[in-house]
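Novice: The structure follows.
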Amino acid sequence: MMTRRIIFVLAVLATLISLGCSDKKTPVAPTPEVVRDLPTLEAQRKTVPDFVEAVGTIRALQTSQLSAQISGAIASIRAQEGQRVRRGDVLIVLDDAQQRAALERASAAVNAAQQDIAAADADYGLQNATLTRYQSLYEKKSVSPHEMDEVQARQKSAGARRDQAQAGIAQARAMEAQARAGLSYTRIRAPFDGIVTARLVDTGTLASPGIPLITIEDTHRFRLEASVDEGDLRFVTLGATARVSVDALGTELSAKVVQIVPAADPASRSFVVKLELPADPRLRSGLFGRVQFPRGQREAIVIPQTALLERGQMHGVYVVAADGQIGLRFVTLGKPAGDNVEILSGLSGGERLIAAPGSRDLAGKKVVN
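Right, here's the structure in full:
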């Protein structure tokens, strides 16, 4: 009897459990939102030009760090950073008291030498005339040979004094020219048309030969100095043209390879390649530049830039599955090429993409065309 009751109770419990389970509903996946008539495209592998890219710095083709040729205190500075100057403009003036005194002494010596040569010329002329008269008298036997010898000796002595005076004035004029040069060294002038890029001293500073005082650059011509790895140097040819991108200006320029420095940097194992840039008023020294040297062709996945969308600092594309389901996939971008861009990772080729998603959120939706 007890056994039957237990069996009955178990049967009732089993029935209740089965009824309770039958009341639970099986979860059903939500139906994705359907979007229609979205244009799509296929990510394809294409043959694209291949380049060696090198980076470098833009520098003025002509740069000059000016220093003094003599020692002296700086009396005034007539040029500041950013100021445009022309060849011959005075940029820095040194104290010139000593040089002016030296020039005055030299000029006085020239005047004294000129008086000496005037006196020597007069004496020589007199002795020459005397010799001519005595020569006539000597021929007439009116003067003795001894008197004739004395007159000739005086004429030769006057000639020697005249030559000495001429040498003296030449020396005095050379000293005057040297003093004028020393005075000119107190004016530091611009060697060419350009712009002042650095002023390294202030008024009152003692200038010495070899110590830079001011820097100017020729802003009409610039070049890019790029570092090329030793393994890629074979793709660089002297005289060849290459594309240079200046990120700060958002532009590309056609440049010419004008020099390949023959010695490599032992630390980086790279060579410096210098490229002459075309005239552009926006160029400035110190700008960052990229240069591309062609080295053949390669396979790459290229898609239109309209297929990209931005998520913060990342880029992605909407990939359409075989059943029309749309998924977001992040990709790594390579080099742009006009309206297209290279995909380095995230796509393998053959995927179907939304051609122009714009700013719409399509992830998880289903496209029907």
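Residues in the sequence shown are numbered from 1212 upward in steps of one, following this note's numbering.
Glycine is no exception: its CB is placed at the ideal position from the N, C-alpha and C atoms.
Here the structure is a predicted model, which is why all the values come from computation and not from measurement.
1) Note down, in chain order, each residue of its chain lying with its Cβ closer than 6 Å to the Cβ of Leu1544, except the 5 sequence neighbours on either side.
2) Along the chain, which unbroken stretches of the beta strand (DSSP E) at least 3 residues long are found entirely within the segment 1491 to 1542?
3) Going straight from the alpha carbon of Phe1499 to that of Asp1572, what length do you get?
4) For the segment 1484 to 1494 against the segment 1452 to 1464, are there 3 or more C-beta pairs whose distance is under 8 Å?
5) Does the Cβ-Cβ distance between Val1578 and Leu1272 come in under 7 Å?
6) Bridge partners of Gly1267, per DSSP?
7) Helix, strand or coil, according to DSSP, for Phe1482 in the structure here?
8) Taking all protein chains shown into account, decide if Leu1494 is buried (16 or more other Cβ within 10 angstroms of its Cβ) or exposed.
9) Check for me: the beta strand (DSSP E) holding Arg1247 runs from which residue to which?
10) Quick check on the DSSP output: what are the complete beta strand (DSSP E) runs of length 3 or more inside the segment 1272 to 1332, in order along the chain?
11) For a quick check, are the C-beta atoms of Asp1327 and Ala1376 less than 7 Å apart?
12) Suppose the cutoff is 6 Å on Cβ atoms and the five residues either side in sequence are ignored; what does the same chain contact list for Ala1317 look like?
13) Near Gly1538, which residues of its chain fall below 6 Å by C-beta distance, leaving aside the five closest residues on each side in sequence?
14) State buried or exposed for Pro1568, treating a residue as buried only when at least 16 other CB atoms are found within 10 Å of its CB.
15) Under three-state DSSP, which class holds Ala1340?
16) Can you look up Gly1569 in the DSSP assignment and give me helix, strand or coil?
17) For Asp1332 and Arg1365, what's the separation of their Cα atoms in angstroms?
18) Give the DSSP-derived three-state secondary structure of Gly1560 in the structure shown.
19) Considering only C-alpha positions, which residue in the set Ser1570, Asp1550, Gln1536 and Leu1564 is nearest to Thr1592?
20) Report the rounded CA-to-CA distance for Gly1507 versus Ile1554, giving the unit in angstroms.
21) Taking Ala1254 as part of the alpha helix (DSSP H), name the residues at either end of that continuous run.
22) Between the segment 1442 to 1453 and the segment 1251 to 1260, do three or more beta carbon pairs fall short of 8 Å?
23) Okay, do the segment 1413 to 1426 and the segment 1276 to 1296 touch, 3+ Cβ pairs below 8 Å being the bar?
24) Return the first residue and the last residue of the beta strand (DSSP E) that Ala1459 is part of.
25) Looking only at C-alpha atoms, which of Thr1274, Ser1287 and Glu1244 sits nearest to Ile1427?
26) Going by CA-CA distance only, name the one from Tyr1345, Arg1297, Asp1413 and Ala1371 that's closest to Ser1431.
27) Considering only their Cβ atoms, is the gap separating Val1407 from Ala1290 smaller than 7 Å?
28) Roughly how many angstroms lie between the CA atoms of Ile1512 and Ala1474, to the nearest whole one?
29) Using DSSP with H/G/I as helix, E/B as strand and the rest coil, what is Arg1432?
30) Assuming Ser1438 contacts Ser1496 (C-beta within less than 8 Å), just tell me the rounded distance between them.
31) Between the alpha carbons of Cys1232 and Arg1247, how many angstroms are there, rounded?
32) Using CA atoms only, rank isn't needed, just tell me which of Glu1436, Gln1524, Arg1445 and Gln1346 is closest to Val1469.
33) Taking 7 Å as the limit between beta carbons, can you name the residues of its chain near Gly1560, skipping five residues before and five after?
34) What do you get for Val1245, buried or exposed, if any count of 16 or more other CB atoms within 10 angstroms of its CB means buried?
Specialist: The answer reads as follows:
1) For Leu1544, same chain residues with a beta-carbon under 6 Å away, outside a window of 5 residues either side, are His1526 and Val1552 in chain order.
2) Segments of the beta strand (DSSP E) lying fully in the segment 1491 to 1542: 1499 to 1515, 1520 to 1522 and 1525 to 1531.
3) In a straight line, the C-alpha of Phe1499 is about 37 Å away from that of Asp1572.
4) Verdict: yes, contact present.
5) No Cβ-Cβ contact shorter than 7 Å links Val1578 with Leu1272.
6) Gly1267 is bridged to Ala1437 and Gly1500.
7) In the structure shown, Phe1482 sits in a strand (DSSP, three-state: E or B).
8) It counts as buried.
9) According to the DSSP assignment, Arg1247 belongs to the beta strand (DSSP E) that extends over Val1245 to Arg1247.
10) Along the length of the segment 1272 to 1332, whole beta strand (DSSP E) runs at least 3 residues long occupy 1274 to 1278, 1283 to 1288 and 1301 to 1305, reported in chain order.
11) Yes, these two residues count as a Cβ contact at 7 Å.
12) Answer for Ala1317: Met1386, Glu1387 and Ala1390, listed in chain order.
13) A distance below 6 Å between beta-carbons, with the five flanking residues on each side excluded, links Gly1538 to the following residues of its chain, in chain order: Val1530.
14) Around the beta-carbon of Pro1568, 16 or more other beta-carbon atoms lie within 10 Å, marking it buried.
15) In the three-state DSSP reduction, Ala1340 falls in the helix class (H, G or I).
16) Gly1569 carries a coil assignment under DSSP once its states are collapsed to helix, strand and coil.
17) Roughly 13 Å between the two C-alpha positions.
18) Reduced to three states, the DSSP call for Gly1560 is coil.
19) In this structure the chain extends from 1212 to 1580, so residue 1592 is not present and cannot be described.
20) Rounded to whole angstroms, Gly1507 and Ile1554 show a C-alpha spacing of 19 Å.
21) Ala1254 -> no alpha helix (DSSP H), and no H or E assigned at all.
22) Too few Cβ pairs lie closer than 8 Å, so no.
23) Yes, the segment 1413 to 1426 is in contact with the segment 1276 to 1296.
24) Here Ala1459 belongs to no beta strand (DSSP E), and DSSP marks it neither H nor E.
25) Selection Thr1274, Ser1287 and Glu1244 evaluated against Ile1427 yields Thr1274 as nearest (Cα-Cα).
26) Sequence inspection shows His at residue 1431; the Ser mentioned does not correspond to that position. When only C-alpha atoms are compared, the closest one is Arg1297.
27) In this structure, Val1407 lies closer than 7 Å to Ala1290 by Cβ.
28) One C-alpha to the other measures close to 38 Å.
29) Coil at Arg1432, not helix or strand.
30) About 17 Å separates the two Cβ atoms, so there is no contact after all.
31) Unreliable positioning characterises Cys1232 in this predicted model, as indicated by a pLDDT of 49, which lies under 50. A coordinate reading is not provided.
32) For Val1469, the nearest C-alpha among the options comes from Glu1436.
33) The answer, listed in chain order, is Ala1254, Gln1255, Arg1256 and Ile1512.
34) Counting the other Cβ atoms within 10 Å of the Cβ of Val1245 gives fewer than 16, which makes it exposed.
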